[in-house]
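Counting from 1, one number per residue, gives the positions in the sequence shown under UniProt numbering.
The beta-carbon is built from N, C-alpha and C at its ideal position, and this holds for glycine as well.
Fair warning: this is a prediction, and the values are worked out from it, not measured in the lab.
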Amino acid sequence: MANINQLPTEILEMIFDHLDYKSRRNATLVCQRWDAVALSERFTKRNVIITIDGSRALTLHKHTFHRPYQNLSLKLDNPAAGGKDTAKGFRLLPTIFPTLASVKLEMAVPYEPRWFGTIEHQLDCLRTVDAFHLTANCNLEANRLPVLRMARLRTLTVECGGVQHFWLIAPELRRLQLRVHSVDQLYFLLHVLHQLHTLEVVFTSKEYLHLYDSKPTNLHALSIDRRHKGMMKNERDPSITFFGQLVNLRRLELKVKFVDSYVLCKVAGRLPQLAELSLEACEGMIELSHIASLRRLERLWVVAGRINLANVHLPALRTLLLGAGELSGTTKLEGIETLMTFLGLQSLTLVNVSFYPEMHKLTPSYSLQRMALLHYRQLNEAHVLKLVKRFPALRWLRISHCHGIYRPEIDKLKRLLPKVAIAFDEVKSDRI
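Structural data, given as structure tokens:
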């Protein structure tokens, strides 16, 4: 059996990405190659970020940089940063960092003509980036907002407070993450919607109604967060028509205040090609029988206070997550016997889901190989043993941040389940 030192560098880098600082330090005692992975050229290019604020931009040419940086975080929070020296520093950015691929721009200044001129005319480094993240909280006049020209931009994230909209020229844009606070921001979304393949949008107002008038036929992945307000009856038909136009959609994520069963059933019927579905409801129950028509569904995430699995058969399902948010109450699961009918299920994640006394009576399932139990407010090894024995083919178990399961309980589970590899993240506090 190969040990960790024999794994390919690509796999070690993926592991390293998911470790905190303390775990990375401890990992050096186990893996002799860990330092080489952490400092490899490919890893540093992807993860190392250089941060510059406006007051430091004018002295960039005086510093010596010993490695090329592809990720830049630029903070403009000082109105005085709009002077000639700062503008000169901005003009030097493409020369100092010729390989920039990702830029995060944070703006938090009041309107000032000098500063505005710097933004609009001096940020030439933005013209060649692939990913751009804009965070702004300032008062700019609508007719004086920056015009951003990005010929190679493919990923854009916009989190704006005071900025209502800005003009963007990016013919290669394919992925957009946007928080919509006003109808002006929605107009910006509609302007680029036809070229997007992936859209993640968070609505904080009722402006989502205008989205139903669009035809985003090129979308492959869509995420809509509108948890602030439930769906009204007059929204049902427009929303069903909107989703029915997404003929190329493969991944759908919906975060709502509550699930409208009628709309969910109709939408599922019009999207038979879906491979991934994520449903999150703040209130009420999610009944999976309404998505029974998704015969090609491979990955399903369901987050709600109550979940009903009865009367659903998903033959292509491979990955399933059930439960509630980290700080929510315990999820009540109905129709748990349906779990055993997912014959192709390989990975199961339960997030603070109630265990039932009849668990040991369930028919065993021999397809499941990986299981994760996360964020339980109360869990004991007896419940874990009953659950694991229902899946004899299980080979990997992760228990993360569960109250009641600590190092002694994990050692006991390892003795009782010698064929199962167990990963353990201890809860950080005794407070529930």
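- request: Would you identify the three-state DSSP class for H403, choosing helix, strand or coil?
  value: Look at H403 here: in three-state DSSP terms it is coil, with no helix or strand label.
message: Could you tell me the alpha carbon to alpha carbon distance between G82 and H191, rounded to whole angstroms?
response: Because the pLDDT of G82 is 49, which lies under 50, any placement of that residue in the model is unreliable, and the number read from its coordinates should be weighed accordingly. C-alpha of G82 to C-alpha of H191: approximately 30 Å in a straight line.
message: Report the CB separation of V420 from L394 in whole angstroms; it is logged as a contact under 8 Å.
response: 6 Å between Cβ atoms; contact.
query: Alpha carbon to alpha carbon, how far is R236 from V267?
result: Taking the straight line from one Cα to the other gives about 10 Å.
Whether E159 touches R175 by CB criterion (8 Å): In this structure, E159 lies away from R175, with their beta-carbon atoms at least 8 Å apart.
message: Spatial neighbours of T319 within its chain, please: C-beta separation below 6 Å, excluding the five flanking residues on both sides.
response: Only R299, S347 meet the Cβ criterion.
- request: Can you grab the Cα-Cα spacing for the pair D225 / K255, in whole Å?
  value: Rounded to whole angstroms, D225 to K255 spans 5 Å at the Cα level.
field: Short Cβ contact (8 Å threshold) for A316 with V303
entry: No Cβ-Cβ contact shorter than 8 Å links A316 with V303.
query: How close, in whole Å, do the beta carbons of N308 and E334 come, if the pair is a contact with beta carbons under 8 Å?
result: So it is a contact: roughly 4 Å between Cβ atoms.
task: Look up M371 in the DSSP assignment and give the residues it is bridged to.
output: In DSSP, M371 forms a bridge with L348, L397.
- request: Please name the residue in H63, S261, H313, L168 whose C-alpha comes closest to that of T338.
  value: Checked all of H63, S261, H313, L168; the closest Cα to T338 is H313.
field: Terminal residues of the alpha helix (DSSP H) in which residue 442 lies
entry: Lying before the first or after the last residue shown, residue 442 is absent from the chain, which here runs from 1 to 432.
- prompt: Distance, Cα to Cα, P171 vs A101?
  reply: Distance between the alpha carbons of P171 and A101: 17 Å.
message: With H, G and I counted as helix, E and B as strand and the rest as coil, what does DSSP make of R149?
response: R149: strand per DSSP, three-state reduction.
task: Mind checking who R306 pairs with in its DSSP beta bridge?
output: R306 is bridged to M285, K332.
Best match in P418, L416, W396 for proximity to F424 [C-alpha to C-alpha]: Among P418, L416, W396, the Cα nearest to that of F424 is on W396.
- prompt: Rounded to the nearest angstrom, how far is the Cβ of L74 from that of K104, given a contact under 8 Å?
  reply: About 7 Å separates the two Cβ atoms, so the contact holds.
field: E283 beta carbon less than 8 Å from that of F258
entry: Closer than 8 Å, so yes.
Short Cβ contact (8 Å threshold) for M359 with R398: No, these two residues do not count as a Cβ contact at 8 Å.
message: Please report the straight-line C-alpha distance between L345 and R152, rounded to a whole angstrom.
response: Distance between the alpha carbons of L345 and R152: 40 Å.
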